[in-house]
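To keep things clear, I will list the structure first and then write my remarks on it.
Structure, rendered in structure tokens:
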């Protein structure tokens, strides 16, 4: 039995809708292991793991949301983890890869005919003061019989929203470049993902985020990248 | 004008179909910068950049295929780069994140009604002798009017193929776990991606690969992970 087949707004929960993420954080400093372990501890100490399931395996960390506001909890956790790794890395270069997913949890079949999906409000995160550059991809997973229309139309609308937010979205191969405060970069991707999720029952977004990149620092100093 | 709208088997090329990848390689050793730069040089020296466009920016490296066999060229480049980073890292822990895409290049609109897409043969890569663990996601980007059917059916068929190859696919949240030789792990994901691409004009696959993970080594020694 799939989540979508028995979707009922009265009983739906983030857990039943399969709202969660996977993330990998790569601090590029010598003490990278301590930076990762320490950053996870910092985020737990700050209480950001509340109402989340956090499971780290040999490839990445799964974080699932147990209650509302699910999207904001996930985004706040991701931003705090990246910021903590950056601080523990001596404000050094950190790259993180994030996958946010909703709908069709596990290998179950979804029913794309179901509508009436939840429409969460935009999330609010504090500015971190940490400038970030990201490459962002959005995957609305329609079916042949879906009412969601054209998957590229959803993607184009999301890019226009990012441009309107001043996140300076520009097209790269297979991804859109986002540039801004770490919190705003993550909020932009998460808001687009939830907005598509109000129409398309299964939607995934991927975000590769770089902070304190040596090539960006070199460019600011006027040298070549 | 989109690639799909004017797809013609007689004139189609990997470049016109937008066949390419983005990858980030994270060597987790102290000399991580030298490992990345050195690995890129090793792969170029081995001639694996032939008939590929390779562009590194502050977040990841874009690799586009200019000629056939496009999928095999991309996969061989990715495997060689990860293997070179692993060797330069003292056979240490390396994590790589890969995105393979075909169809709908840039932000153009695709025409999902077009069929007659190419069906490349399975790729062949040498075994590397490097054991790998990966988390793999496949995104068949259908439209509401597509003939490609149910996106989950394509994903389930791909997982069954991976199981049949003995890559020990098991389900994780939002990803399928693949375990095996680095070359076979990448081949499995690439073959599934091209197979879906014969039916669905726009398909993307993501792969997070870990080699020489300290947690796997600990498990082999009988200690806790």
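Chains as they are written, first to last, in the numbering used here: chain A, 1 to 225; chain B, 1001 to 1225.
All C-beta atoms in this analysis are idealised placements derived from N, C-alpha and C, irrespective of residue type, glycine included.
Buried versus exposed call for residue i [16 or more other C-beta atoms within 10 Å across all chains shown]
i              : result
residue 95/A   : buried
residue 45/A   : exposed
residue 58/A   : buried
residue 197/A  : buried
residue 1158/B : buried
residue 1119/B : exposed
residue 1170/B : exposed
residue 1020/B : buried
residue 1047/B : exposed
residue 1107/B : Per-residue confidence for residue 1107/B stands at a pLDDT of 41, beneath the threshold of 50, marking its modelled position as unreliable; the derived number appears in the next sentence. Residue 1107/B comes out exposed.
residue 90/A   : exposed
residue 134/A  : buried
residue 39/A   : buried
residue 1146/B : buried
Supposed contact pair residue j and residue i - C-beta distance, whole angstroms, cut 8 Å
i              : j              : result
residue 1167/B : residue 1184/B : 6 Å
residue 101/A  : residue 1174/B : 4 Å
residue 1064/B : residue 1052/B : 7 Å
residue 1162/B : residue 1188/B : 5 Å
residue 186/A  : residue 78/A   : 6 Å
residue 1088/B : residue 1034/B : 7 Å
residue 25/A   : residue 85/A   : 5 Å
residue 97/A   : residue 1097/B : 5 Å
residue 136/A  : residue 205/A  : 7 Å
residue 61/A   : residue 23/A   : 6 Å
residue 142/A  : residue 1142/B : 5 Å
residue 15/A   : residue 74/A   : Not really, about 12 Å apart at Cβ, beyond 8 Å.
residue 1030/B : residue 30/A   : 5 Å
Of the listed residues the options, nearest to residue i (C-alpha basis)
i              : options                           : result
residue 213/A  : 59/A, 174/A and 92/A              : 92/A
residue 1104/B : 172/A, 20/A, 84/A and 26/A        : 172/A
residue 1072/B : 1036/B, 1081/B, 1169/B and 1121/B : 1121/B
residue 1200/B : 207/A, 211/A and 144/A            : 144/A
residue 1050/B : 1026/B, 1061/B and 1076/B         : 1076/B
residue 150/A  : 1202/B, 1181/B and 1179/B         : 1202/B
residue 160/A  : 146/A, 43/A, 191/A and 130/A      : 191/A
residue 1177/B : 1142/B, 1195/B, 1132/B and 1193/B : 1132/B
residue 195/A  : 40/A, 38/A, 62/A and 155/A        : 155/A
residue 123/A  : 16/A, 129/A, 193/A and 142/A      : 193/A
residue 125/A  : 148/A, 16/A, 164/A and 182/A      : 182/A
residue 129/A  : 148/A, 67/A, 211/A and 66/A       : 211/A
residue 1017/B : 1068/B, 1164/B and 1165/B         : 1068/B
Three-state class that DSSP yields for residue i in the structure shown
i              : result
residue 169/A  : coil
residue 185/A  : helix
residue 155/A  : helix
residue 1145/B : coil
residue 1214/B : helix
residue 16/A   : coil
residue 1199/B : coil
residue 1174/B : coil
residue 1049/B : coil
residue 1205/B : strand
residue 128/A  : coil
residue 1117/B : coil
residue 1180/B : strand
residue 31/A   : coil
residue 1101/B : strand
residue 161/A  : helix
residue 68/A   : coil
residue 1036/B : helix
residue 150/A  : coil
residue 107/A  : With a pLDDT of 41 at residue 107/A, under the threshold of 50, the predicted position of this residue should be treated as unreliable, and no value is reported.
Sheet register partners of residue i (DSSP bridge)
i              : result
residue 1062/B : 1022/B and 1055/B
residue 86/A   : In DSSP, residue 86/A forms no bridge with anything.
residue 1138/B : 1205/B
residue 96/A   : 25/A and 209/A
residue 1133/B : 1179/B and 1210/B
Check: residue i C-beta below 7 Å from any heavy atom of the ligand MN
i            : result
residue 22/A : No copy of the ligand MN occurs in the structure displayed, which carries no ligand at all.
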